[in-house]
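Using full-length UniProt numbering, the letters of the sequence shown map in sequence onto residues 1 to 492.
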Amino acid sequence: VSAMSETALEQLQAITGLAQAEAQALLEAAGSDVQMAISLHFEQEEHRGQNAEAQDQDLHDIAAAPDDGMGLADALREDDNDHGNTLSSEETDPNPQNLSGAPTHHVATTSSYFGWAWQVVSGLSIVSFLFRGASRIFELSGIASLLQWVVLAPLDALGLLPPRGPTGAAAVQQFSSAFEAEYGQTHPRFFEGTLYQALQRSRQHAKFVLVYVRNGRMPSDAVVSRQVISSELVAAFVDEHFVFWIADVATPEGHALRQQLRLAELPAFAVLADGSLMGLARGGISRAAAELLGSVHGPAALSEETVVARLQELLNRFETHLEIARAEQNGRDHDRRLREEQEAEYARALAEDQARELEEAAAAAREAEEQQRRLAEQAEEARLAEEAAAAAERRVRDRIAKASMLPDEPAVAAEATQVVVRMPDGTRLSRRFLKTCCLQVVVDWIEGCQPECEDFDLVSNYPRREFARAQRTSTLEALGLHPAATLFTKEA
Numbered sequence: 001v002s003a004m005s006e007t008a009l010e011q012l013q014a015i016t017g018l019a020q021a022e023a024q025a026l027l028e029a030a031g032s033d034v035q036m037a038i039s040l041h042f043e044q045e046e047h048r049g050q051n052a053e054a055q056d057q058d059l060h061d062i063a064a065a066p067d068d069g070m071g072l073a074d075a076l077r078e079d080d081n082d083h084g085n086t087l088s089s090e091e092t093d094p095n096p097q098n099l100s101g102a103p104t105h106h107v108a109t110t111s112s113y114f115g116w117a118w119q120v121v122s123g124l125s126i127v128s129f130l131f132r133g134a135s136r137i138f139e140l141s142g143i144a145s146l147l148q149w150v151v152l153a154p155l156d157a158l159g160l161l162p163p164r165g166p167t168g169a170a171a172v173q174q175f176s177s178a179f180e181a182e183y184g185q186t187h188p189r190f191f192e193g194t195l196y197q198a199l200q201r202s203r204q205h206a207k208f209v210l211v212y213v214r215n216g217r218m219p220s221d222a223v224v225s226r227q228v229i230s231s232e233l234v235a236a237f238v239d240e241h242f243v244f245w246i247a248d249v250a251t252p253e254g255h256a257l258r259q260q261l262r263l264a265e266l267p268a269f270a271v272l273a274d275g276s277l278m279g280l281a282r283g284g285i286s287r288a289a290a291e292l293l294g295s296v297h298g299p300a301a302l303s304e305e306t307v308v309a310r311l312q313e314l315l316n317r318f319e320t321h322l323e324i325a326r327a328e329q330n331g332r333d334h335d336r337r338l339r340e341e342q343e344a345e346y347a348r349a350l351a352e353d354q355a356r357e358l359e360e361a362a363a364a365a366r367e368a369e370e371q372q373r374r375l376a377e378q379a380e381e382a383r384l385a386e387e388a389a390a391a392a393e394r395r396v397r398d399r400i401a402k403a404s405m406l407p408d409e410p411a412v413a414a415e416a417t418q419v420v421v422r423m424p425d426g427t428r429l430s431r432r433f434l435k436t437c438c439l440q441v442v443v444d445w446i447e448g449c450q451p452e453c454e455d456f457d458l459v460s461n462y463p464r465r466e467f468a469r470a471q472r473t474s475t476l477e478a479l480g481l482h483p484a485a486t487l488f489t490k491e492a
């Protein structure tokens, strides 16, 4: 079920008081048109109410018929004369009236079934009898309303019926605009929504709903608009104590509401209370969507002082209900604020926990990253150390191999050069080389004697000379180191 269908169903239940299953069936029969469903419901209710009264009255007349020798035909004819069309009077019920229950007053417009049957048999033609009999059967069975559903709903869906005026919130908005254009800005705040929504608003603010039931074609409507609704006194009073809603009998919901409230005179101000609010005040649960607390109608509705006085009387009478509702509302507000504070505190604590967890996670990530970096550095250092160790090992092996390949030391002779090398650790090395040997041979000899020493360059003191690596291919004689030379090593 769509949200729009749920709203229409709730509005239909609020106005008619039907159970959900009955309201759903009625709404489906009306082609999901809530206004048509409302109209059809109250037409059926009116038919059923009239027929039930007629039946009850007939049974009462039969039971009370005097046993004075009067014939059956005479008794029925007298009964029919005594019970003609009458309109019952209507007063404000001091007790709240359930909008969804049976009304306390009815309009009686039917005569005795037996009197009607006697007239048909005794004075009407068979055609008239059949016509009126069929009409009565249609009326009693509700077939007329069913036919209206079957015929009108498809026509309306196909757009073959004339357009209808605005309903619900649109009707109130239209009235508000027209009212301000005609009478100005001074008026109570018109609640621009449906009656169901107005009742919801009243429940939220622990107020009653004041409904102005109007007929725009009546001259008295202009009087009420100009003298009562436009009054600063009425505007301030109504805004303070009520949710103000407009019901125009020209609209289906306005017509239905007038039927439900049984308002015989217009214009009228009706005070409604949300059913749950009244149920709460009584310490129970109300099944009614709303209850009628009282009304101001007819000539009394034309005076601002009278309207305010009557409404004040109703407020005084039901003040305890509002106090209970306000106390309950205050309790709900307190509970709501407490829940909001608890939720805010929980949200704050949760945010702090989440922030702390994020910080801890970030710190753990940084620590893991640092640990990873340290491990990477250690691994790199280990690799480099391993490579250096391997390189040093290879260098030692290479130096030892080179030392084993040195030419034999020559005997003391004119062709031999005596070379003395002083090492950084104080070690003194001495050997003879042919003067034709290159300086690299001397380097290989030194490295073979101390294979673990670092790379070095050779230096002579007298005269001071440094022998570059490029000079290692020159002979000892060419470098001026023959017949004898003393050299030192210098770390390269």
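Cβ atoms here follow ideal geometry from the backbone N, Cα and C, with glycine treated the same way.
Keep in mind that this is a model prediction, so the values were computed, not measured.
With a threshold of 16 other beta carbon atoms within 10 Å, R310 meets it and is buried. Here P252 is buried. Its C-beta has 16 or more other C-beta atoms within 10 Å. Put simply, of A170, A290, A247 the residue whose alpha carbon is nearest the alpha carbon of E10 is A290. Burial check for S295: the Cβ neighbour count within 10 Å reaches 16 or more, so the residue is buried. Counting only the Cα atoms, G426 lies some 13 Å from C453.
Listed as beta-bridge partners of C438 by DSSP are T475. For V223, the enclosing alpha helix (DSSP H) stretches over residues 219-223. Counting the other CB atoms within 10 Å of its CB gives M36 a total of 16 or more, which places it among the buried residues. Comparing C-alpha distances from R336 to each of V442, Q204, P424 shows the shortest one belongs to Q204. Here A301 is actually not in contact with V243; their C-beta atoms are around 19 Å apart, not less than 8 Å. Taking 8 Å as the cut-off, the beta carbon of L195 is found no closer than this to the beta carbon of A30. Remark: fewer than three beta-carbon pairs, one from each stretch, lie closer than 8 Å, so the region 428-443 and the region 381-390 are not flagged as touching.
Relative to V443, the option among T475, S220, S5, A413 whose CA is nearest is T475.
Note that the C-beta distance between A484 and G448 is not below 8 Å.
Among the bridge pairs identified by DSSP, D457 is matched with K490. Of the candidates N215, R201, V238, S202, V238 places its Cα closest to the Cα of H187. According to the DSSP assignment, T320 belongs to the alpha helix (DSSP H) that extends over 319-404. In the displayed model, V421 falls within a strand according to three-state DSSP. Taking T306 as reference, the option from R348, Q227, Q354, A364 with the minimal CA-CA separation is Q227. In this structure, the CA atom of A222 is about 15 Å from the CA atom of A247. The C-beta separation of A325 from A206 comes to about 4 Å, placing the pair in contact by the 8 Å criterion. By the CB criterion at 8 Å, A492 and F456 fall inside the cutoff.
For Q440, the closest C-alpha among the options R431, M423, A470 is that of A470. V213 counts as buried, since no fewer than 16 other beta carbons sit within 10 angstroms of its beta carbon. About 13 Å separates the beta carbon of E192 from that of A178, a gap too long to meet the 8 Å contact definition.
In this structure, the alpha-carbon of G480 lies about 37 Å from that of A389. Contact check for V209 against S202 passes: the beta carbons are separated by less than 8 Å.
Setting aside the 5 residues that flank it on each side, P410 is surrounded in the same chain by A416, R432, L434, each with a C-beta closer than 7 Å to its C-beta; the list follows chain order. For L257, the uninterrupted alpha helix (DSSP H) run begins and ends at 252-261, by DSSP. Around the beta carbon of L375, a 10 Å sphere encloses fewer than 16 other beta carbons of the protein chains shown; the residue is thus reported as exposed.
A straight line joining the alpha-carbon of Q378 with that of Q372 spans about 10 Å. Boundaries of the alpha helix (DSSP H) harbouring S202: 195-205, taken from the DSSP string. In this chain, the alpha helix (DSSP H) harbouring F237 covers 232-241. Residue environment: V459 is assigned as exposed (fewer than 16 neighbouring CB atoms within 10 Å of its CB, all protein chains considered). A distance below 8 Å between beta-carbons, with the five flanking residues on each side excluded, links S231 to the following residues of its chain, in chain order: T186, E304.
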